[in-house]
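Participant: In my numbering, the protein residues as written are 5 to 408.
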């Protein structure tokens with residue numbers, strides 16, 4: 005699935021109509037969750053039952069009927085996604101919270117399927133034909149949607165962000181492969197001092213996007229509370245604060261995308277740490293720095309570009325990779341403050357470089373069990389553990405940074 009995103013030019017009337025469609029989507033999803041909660045045990049609520057329930061809502065509420073029927077089905081599918089995730093976590097006996105479906109209060113998108121919209125011949129304008137009154141939207145962007153047939157467009161979303169509205173086209177096509185420029189093998193050790201250190205001794209600087217703009221963000225946040233509630237100036241101050249966070253988010257994504265592309269383009273084997281970031285951020289002393297590093301985004305882009313360049317990516321259990329000598333294999337205990345690895349065998353390396361070499365060695369020992377294909381699904385093998393973890397990746401190109 006390929007996603008192309010355009011900035012939409014909207015009027016005040018269209019803004020009101022889009023926000024009404026988004027609220028309707030949220031209403032349908034929440035009603036579907038309530039229907040699932042209140043359903044008796046003997047009644048098995050599945051995806052089809054929720055779709056039928058959306059039809060009943062259209063007959064009961066006029067504002068629901070004004071939304072396209074397939075958009076109503078998309079809203080109930082969102083509810084079913086939350087429900088099925090909860091069922092899966094229960095079957096897997098996931099430790100901790102199982103993700104019980106909750107009611108949504110901050111929905112920011114409405115999704116149409118194959119009807120309810122029509123593209124202009126130039127494919128630079130799109131018209132939404134349901135009764136919400138959105139009408140024709142002008143599209144701004146550099147993506148060439150002309151190259152794809154209209155039949156390949158399976159979903160169209162309108163997404164609300166702090167700097168305006170965006171239209172996303174979800175295309176059911178295979179992403180074209182690109183030639184790889186190198187056949188190297190590399191291990192990556194992510195960290196906070198450096199964004200990552202590789203097995204070749206290179207250190208990629210940590211950009212710390214949030215830290216650099218934290219003072220400006222805090223100032224914008226204070227300005228919100230200086231404005232009177234319910235006034236237009238408070239709304240403007242809140243939007244200014246949101247745009248600053250949006251810019252940081254885009255900077256992180258573009259930075260991770262650039263590095264992930266460069267790494268996979270030059271190497272046939274890429275090994276990285278299989279980190280549980282969700283648990284790591286429970287440390288309140290390091291949570292902000294870990295989130296600012298955005299290791300999870302970097303991993304997703306690695307898995308995506310591994311498919312695009314036909315490279316192999318391997319997720320390695322990071323246990324003892326910093327303590328073990330990459331040359332002789334002896335365990336050399338060291339504290340987190342010790343940044344140099346020194347072994348009795350004469351090996352002396354920067355701590356993260358030593359860990360990266362160990363990560364690469366573990367990956368090469370099991371690389372025969374790892375494969376990736378060109379269908380958008382990459383198989384990442386968790387080396388050093390008892391189970392093999394399969395990570396699904398979605399072929400999604402991020403939008404250009406012209407709106408950052």
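We put the beta carbon where it would ideally sit given N, CA and C, even for glycine.
Beta-carbon separation of residue 348 and residue 335 under 9 Å?
Facilitator: The beta carbons of residue 348 and residue 335 sit no closer together than 9 Å.
Participant: To the nearest angstrom, how far is the alpha carbon of residue 322 from that of residue 118?
Facilitator: 45 Å
Participant: Buried or exposed for residue 58, please, with buried defined as at least 16 other CB atoms from any protein chain shown within 10 angstroms of its CB.
Facilitator: buried
Participant: Give a yes or no on contact between the segment 157–170 and the segment 105–118, applying the rule of three or more CB pairs nearer than 8 Å.
Facilitator: yes
Participant: Measuring CA to CA, which of 320, 345, 314, 317 is closest to residue 328?
Facilitator: 345
Participant: I think residue 319 touches residue 276, with their Cβ atoms under 8 Å apart; what is that distance to the nearest whole Å?
Facilitator: 6 Å
Participant: Quick one: what's residue 345 bridged to in DSSP?
Facilitator: 353
Participant: Using only alpha-carbon positions, find the residue among 357, 230, 209 that is nearest to residue 297.
Facilitator: Of the listed residues, the one whose Cα sits closest to residue 297 is 209.
Participant: Just verifying my parser: in three-state terms, what is the DSSP assignment at residue 24?
Facilitator: helix
Participant: What is the C-beta distance between residue 202 and residue 191, in whole angstroms, given that I count them as a contact (C-beta under 8 Å)?
Facilitator: 6 Å
Participant: Within 10 angstroms of its Cβ, does residue 268 collect 16 or more other Cβ (buried), or is it exposed?
Facilitator: buried
Participant: Give the straight-line distance between the Cα atoms of residue 386 and residue 279, rounded to the nearest whole angstrom.
Facilitator: Model confidence at residue 386 stands at a pLDDT of 35, short of 50, so the residue's coordinates are unreliable; what they give is reported in the following sentence. Residue 386 and residue 279: Cα-Cα distance of roughly 11 Å.
Participant: Pull up the distance between the alpha-carbon of residue 101 and that of residue 93, whole angstroms please.
Facilitator: Taking the CA atoms as reference points, residue 101 sits about 9 Å from residue 93.
Participant: How many angstroms separate the CA atom of residue 65 from the CA atom of residue 176?
Facilitator: The alpha-carbon atoms of residue 65 and residue 176 are separated by roughly 33 Å.
Participant: Could you give the DSSP three-state label for residue 359: helix, strand or coil?
Facilitator: helix
Participant: For residue 40 and residue 27, I'd like the C-alpha separation in whole angstroms.
Facilitator: 20 Å
Participant: In angstroms with no decimal places, state the Cα-to-Cα distance between residue 283 and residue 193.
Facilitator: 18 Å
Participant: Taking contact to mean at least 3 C-beta pairs separated by less than 8 Å, is the segment 134–141 in contact with the segment 67–75?
Facilitator: yes
Participant: Residue 326: which of 360, 6, 50, 291 sits nearest, CA to CA?
Facilitator: Closest option to residue 326, Cα to Cα, is 360.
Participant: State yes or no: is the C-beta of residue 127 within less than 9 Å of the C-beta of residue 214?
Facilitator: Contact flag unset, no.
Participant: Cβ atoms of residue 84 and residue 50: under 9 Å apart, would you say?
Facilitator: yes
Participant: Measuring only the C-alpha atoms, how far is residue 303 from residue 351?
Facilitator: 30 Å
Participant: Three Cβ pairs or more, each shorter than 8 Å: is that satisfied between the segment 139–152 and the segment 6–23?
Facilitator: yes
Participant: Using DSSP's beta-bridge definition, name the partner residues of residue 132.
Facilitator: 121, 139
Participant: Is it buried or exposed for residue 376, if we count other Cβ within 10 angstroms and need 16 for buried?
Facilitator: Note that residue 376 scores a pLDDT of 39, beneath 50, so its modelled location is shaky; the value from the coordinates is reported in the next line. Its Cβ being crowded by 16 or more others within 10 Å, residue 376 is buried.
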